[in-house]
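Below is one structure, written out as structure tokens; comments come after it.
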Amino acid sequence: DAPVAAVLAGAPVPDPSPDRIRIRLGPDDAVAQVDHAAAIPGAAGAAVLAAMAATITPLAALSGAGVRSLWAIASDALANRALDTAGRGAVPTAVADFAAGIAPVLPPLRFVEVAGAVFVRRNSCCLYYASPLSAGEKCASCPRRLAGERRYRIAALS
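Dropping the structure here:
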């Protein structure tokens, strides 16, 4: 959240390069704290792109997940962080400009307004419907749903 919050505030963006951050896990193995060594010198989009590539490429090789799928997940995560930081009222131009600096590798951040609030229109599917726990049901915001059905389900949850 720190890089997105910095973009929104017009402040220096913390360097997310894997060799420039320290991650502390909590007792439940969830990320508890992220410390950045320094701010990004120059264009934030290019530095974030390099940091994401340094993580996504090896993760794809280790996990067997597709590189394009992982970039789509990264795009959705960035869009969600933007909404978490800015609120559901609107997506600031600064976030869209920042994301454009990461294109063309990163799929575009997509948003949809439902019942007066802004939500992420996801690029990636979490495959929850393939889980035995789902009974074949897709997530409310699943990109594999028809647009009208997705809007209806998001509205019902908001």
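Taking the working numbering, the leading residue of the sequence shown gets 9, the next gets one more, and so forth. Where is the CB? At the ideal position from N, CA and C, for every residue including glycine.
Check, Outcome
"Pairing CB atoms from the region 79-88 with CB atoms from the region 107-122, are three or more of them under 8 Å?", "yes"
"According to DSSP, is Ala-125 helix, strand or coil?", "strand"
"With DSSP collapsed to three states, give me the class of Ile-110.", "coil"
"What are the partner residues of Arg-130, as DSSP defines its beta bridges?", "BP columns for Arg-130 are empty, so no partner."
"Please go through the same chain and pick out, in chain order, the residues whose beta-carbon is closer than 7 Å to the beta-carbon of Asn-88, but skip the five residues on each side of it.", "Val-128"
"Count the other C-beta atoms from every protein chain shown that fall within 10 angstroms of the C-beta of Arg-30, then say buried if there are 16 or more, exposed otherwise.", "exposed"
"Beta-carbon separation of Ser-142 and Ile-162 under 8 Å?", "no"
"Name the residue from Ala-61, Val-120 and Val-126 whose alpha carbon lies nearest to the alpha carbon of Asp-92.", "Val-126"
"For Ala-52 versus Val-21, is the C-beta spacing smaller than 8 Å?", "yes"
"So what does DSSP say about Asp-105, is it helix, strand or coil?", "helix"
"Taking 8 Å as the threshold (C-beta atoms), are Asp-27 and Ala-47 in contact?", "no"
"Three-state secondary structure (DSSP) at Ile-48?", "coil"
"Residues in the same chain with beta-carbon distance under 7 Å from Asp-43, minus the five sequence neighbours each way, listed in chain order, please.", "Ile-29 and Arg-30"
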